[in-house]
Structures are given as structure tokens and as C-alpha cells.
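*Asks:* Dropping the structure in here first, questions after.
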Amino acid sequence: MDSTVSTLVPHLIQQLCEQALQWQNDAASDHKDAWKLPVYDLYTLFRLPNTTGCSPIDHIDREAKVLPLACEYATRAISSFAESMSAEIRNRCNQLLPIFRLPNEILAIIFQCIVGDEATRAMPLRQRAPFNVSHVSRRWRNVAIETPRLWAAYDIANAHIADIIIDRSKHVPLDIKLVIYPTRYMGPGDGDPWELCFPTRCADVDAAAPITFDLLRPLLPHVHRWGAVVLDGVDDEHHLEMCLPGDPAPNLQKLHIIKNSHFMDSEAILRIPLFNGSTPLLRDLYLSCLSIPLTSSLYTGLTSLKLEYLIYEEGVMPFLLTIGGGCPLLERLILRQVYWDEHPQPTSGGGNQPISLPRLKEPKLSRLQQRSFYPILSSIVSPDAQLYIQVDAREIESELGGVFPLTGFLSNIPPICWMYFTLLQSQPYRGYHLAFDAGDFARGRSVRIVLTLIPLGSAHQLISYFTQRLPLSLRSLALEVMDPALFVVPGFTQ
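Numbering (my numbering), first residue to last: 9 to 502.
Right, here's the structure in full:
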């Protein structure tokens, strides 16, 4: 039957299409009758030969049974041919479009831009690139499948097809992002010019939530291909250490681990070395509620380091010496509520050993212990950085001079030409935040100090501290939205 259908169906469809086109081009023809079904001569059309020698009645019964089967087969054959021809016609049309002239390499770059769009991560898997683009045309499908970097992203949505992701991404480093309980941030109000956002952990733990280790299990044999790993909202403490294997990770450039835990529940990974001590390309490290000892090789060669809600057994100076010695090219340093185990550092005298970080651009110190600010600021030397400090005013136990030393970092900034004070009232916390910005006219802001939750009883001391130490190079001083309780004239003018 196949040979008969493959010969007759294409010829039949072609004849009908040619006649239909002729009717469409002929303005005088009647289009209403063009597709009118013909009237068949059922007596002379055909009669099946009786090859079995059965009785005429039995032969007619066989004809009646075979006819619907033959018609159904013909219908399916015509439908299948029509679908194939429609796809071929669309393919020929696509070949004439301008986009078809784009080389495969350009198409791959365009697809990569779609895959890298964060907005697509929230879409259903079938609507996300590269799955959606691979269903547009045969050429697009071939380009998508033959471009390994389009399949490098691995998350919760496509974890059930891990074997496909591993196979199609081939040798390309994997971009792993598993968001179990995403960290949310609560700010003091609309617009937040001072980055006054406080992370809040997920309180409602769903028992049916996926286990991070189960999601990572298919990728454990391929640690050598891990390029970026983001584990946000990890809650399974027993499996967390298993998510950091002992095999080398020669392609790992980014490691973010954010535990779904409160500060006092900070966990420590004691197994050393992680990744067999081999992460030569690691540049971006972010740890939240997960302490890794300073002896780990992870603190080597970094350009970005963010630590929050951690407790270290070492002191702040050993920490700084480790970071300064292991990460001389550090550009971004963010420390939020990090505790070091040590005795209070002296606030005057010989000072601390200088730690040179010449490429540091963005140091941010937020809500640290008062005794930790002084050794950090008096030790780090960076000629071209914009310092951001956030201090809880309620935790200041001594004079501000013990918190903000004039040596070390602050001694290396360009001469201050302008100072700007701004007050922000925090409704959720029923307090005030005071921002102090200072810099020069050529480079812009050099220092931003934000004092949060200021007790009104000691507010005047904050203004007077800064104003009593106005630099001689100052050319502009501005105070915006000042509360009378903060702006005390005697404290400002003395």
C-alpha cells in the first residue's frame, strides 16, 4: 500500500493545488463551485475482483468491510502528506526571509541573550529558551541543540531532565542556580537610597520542598564542569556539606550559599579541603549563615567576597590578613553582621598592620560589632574605593572616634570637598537613620556612613562629632530633612 499511496497522493494533491491556483487567478471563474464535491458513478467506478472464488454475497460483504478501512487509510495518508508539505512550504518561505540570511553563529548569540534573561527563569519550562526557540523551525532547532552553552543553566525547573542538560551542554561549564527558599528583603520605605534593606528568612517551611542534595545528585559526577553554583534558601542541614563535594572544581568561578536560617543558627562547614582544595578560577564567593574556616582554599584569588550572619573562631586581624594575602585583586568586599572571636582592639597607639587592596572599589561594612570597625578601617589601604558603612547607633558604646579612625582607609581618600547629611525616618522600626556622604567634586562620593536606629537622646552627638572635624578642604556642606532633635545649634557650632 505504501508504494501505491506514495505515488497517487502527491500526484492527486499536486493536481488539485494547480487547479485551485488556476481558479484563484481566473477572475471569471465561480469560486463557490470550485470546491464542490463531485457526483460519482457508483456502478461504473470500480468493482473489486473476486480472486478467492467465494460466493457473490460473501464477496460483496468483504467489499463493504474493506472499503472503510481503505478510506480511513487514504484519509490518514493525505493528512500526513499535507502536514509534511505544509512544513516544507513554511521552510521554503523561511529561507526567503531576511533572518534566514543570518549565520548560525549570530543566531546562537541571539539565543544566548534570551537564555541569559532573568525574566525567563520564572516562565514554564516549555516557554523558556532554549526550549521554545528549538520548536520554531528545523534550522533553529539544529542551532539550539548544537550550541552547548545554551543548555548550561540548571535550576529547579529543569532538574527532572538533568540527563538532557548534561548531554546537550557537552563540555561547557554548568550554571547551577537552585532557589529553594528565596531570601526576601524588607526596607524602611519607598525608594531606598542607602541600601537599608534587611534580609528576612522564610518562616513557613514546606515539607514537600525539594532537597538540595537530591537536585544536585545528578551533577556530582560532573563537578569538574561546575562553573557557577548558587544555593539560595538551603534548609537541609544534614545534606548541605554533601553538596560541597571533595572533587576538584577547576572551572568554578562563582559560589553562593545562602542558608535559610537565622543569625544565631549559623552553621560551620568543618570538612577541609572543599573541592579537594582546587578552585583555581573561583572569583565570587558569597556565604550567608554558613561559616567556612579561613584555612580553606576558597579564600584565594577572589575579586568579590560577601559574608553575612557568620561567626569566625579567628580574630578580625587574622581574617583581614588572610583576605589581604589570598585576594590581592579583591574589588568588592561586603561584610554584614560578621562576628569574630577576639578581645577588643585598641583604638589608638601603634595601629594595625596595613593591608593593601589596590583594586578594592566597593567595601561595605554593615552592622558589625563596634570593636571590629576600627581594625578594619585602620588596616585596609585602598586608594580608589567608595566606602559604605552601616552602624546600628544603639550599639555604639564609646566615642565615634573609636569607630571611625582617621588612619588607614580614611587617611587615603582624596581631600573632602563636600559633605551631605540626610535624615530618613524608619516607620517599621520607629527610629531614625542618618546618612553622611562625603567626597570631592572630581571623583564623587568617597565615603557613606549610615547610622541606623538613632536614639533621640544621643542624636545631637552624632552631628557634632562630624561637624567638629570638618576638613580644611571643605567647600560645600548640606543638611537635608533635619529633625530639630538632631540639629542642635550649640553642638554644631562649638
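The C-beta atom is built at its ideal place from N, Cα and C for all residues, glycine as well.
Identify every residue that forms a DSSP beta bridge with M93.
*Replies:* In the DSSP assignment, M93 is bridged to no other residue.
*Asks:* Do the region 172–187 and the region 148–163 meet, that is, are 3 or more Cβ pairs less than 8 Å apart?
*Replies:* Touching, yes.
*Asks:* Using a Cβ-Cβ cut-off of 7 Å (strictly less than) and excluding sequence neighbours within five positions of N360, which residues of its own chain qualify?
*Replies:* M325, P383, S386, S387
*Asks:* Check whether the region 286–295 touches the region 254–264, taking contact to mean three or more Cβ pairs, one atom from each stretch, closer than 8 Å.
*Replies:* Result yes; three or more Cβ-Cβ pairs closer than 8 Å.
*Asks:* Helix, strand or coil, according to DSSP, for R146 in the structure here?
*Replies:* helix
*Asks:* Only counting runs of 4 or more residues, tell me where the alpha helix (DSSP H) segments fall wholly within the region 105–129, in order along the chain.
*Replies:* Runs found: 112–123.
*Asks:* Can you confirm whether the region 115–133 touches the region 90–103 when touching is taken to mean that 3 or more C-beta pairs between the two stretches lie within less than 8 Å?
*Replies:* The region 90–103 is not in contact with the region 115–133.
*Asks:* Nearest by alpha-carbon distance to L315: which of A167, F381, S374 is it?
*Replies:* S374
*Asks:* Just to confirm the assignment, what range does the beta strand (DSSP E) spanning V155 have?
*Replies:* Before going further, note that residue 155 is Thr rather than Val in the sequence given. It is not in any beta strand (DSSP E) - T155 carries neither H nor E in the DSSP assignment.
*Asks:* Identify every residue that forms a DSSP beta bridge with V238.
*Replies:* K185, H264
*Asks:* Pull up the DSSP beta-bridge partners for I457, would you.
*Replies:* Per DSSP, I397, F444.
*Asks:* Apply the 10 Å Cβ neighbour rule to E154 and answer buried if 16 or more other Cβ atoms are within range, or exposed otherwise.
*Replies:* exposed
*Asks:* Look at the alpha carbon of I68 and the alpha carbon of L45, and state the distance between them as a whole number of angstroms.
*Replies:* 26 Å
*Asks:* With Y382 as the anchor, note down where its alpha helix (DSSP H) starts and where it stops.
*Replies:* 378–387
*Asks:* What number of angstroms, rounded off, separates the C-alpha of F417 from the C-alpha of S454?
*Replies:* 11 Å
*Asks:* Does the beta-carbon of T83 have 16 or more other beta-carbons within 10 angstroms, so that it is buried, or is it exposed?
*Replies:* Counting C-beta atoms within 10 angstroms of its own C-beta, T83 has fewer than 16 neighbours from the protein chains shown and is therefore classed as exposed.
*Asks:* Is the beta carbon of I169 less than 8 Å from the beta carbon of N268?
*Replies:* No, the pair does not count as a contact, with Cβ atoms beyond the cut-off.
*Asks:* Does T430 come out as helix, strand or coil in the three-state DSSP assignment?
*Replies:* strand
*Asks:* Quick test of your reading: L293 and L318, contact by CB under 8 Å. State the CB separation rounded to the nearest angstrom.
*Replies:* Contact flag wrong, Cβ pair sits at about 12 Å.
*Asks:* Can you tell me whether N150 is buried or exposed, with buried defined as 16 or more other CB within 10 angstroms of its CB?
*Replies:* exposed
*Asks:* Just curious, the beta strand (DSSP E) that I342 is in, first and last residue?
*Replies:* 340–348
*Asks:* Per DSSP, A486 is paired with what?
*Replies:* Y428
*Asks:* If you drop the 5 nearest sequence neighbours on each side, which residues of the same chain put their C-beta closer than 7 Å to that of I173?
*Replies:* W159, Y162, N166
*Asks:* How far does the beta strand (DSSP E) with D292 in it reach, from first residue to last?
*Replies:* 292–296
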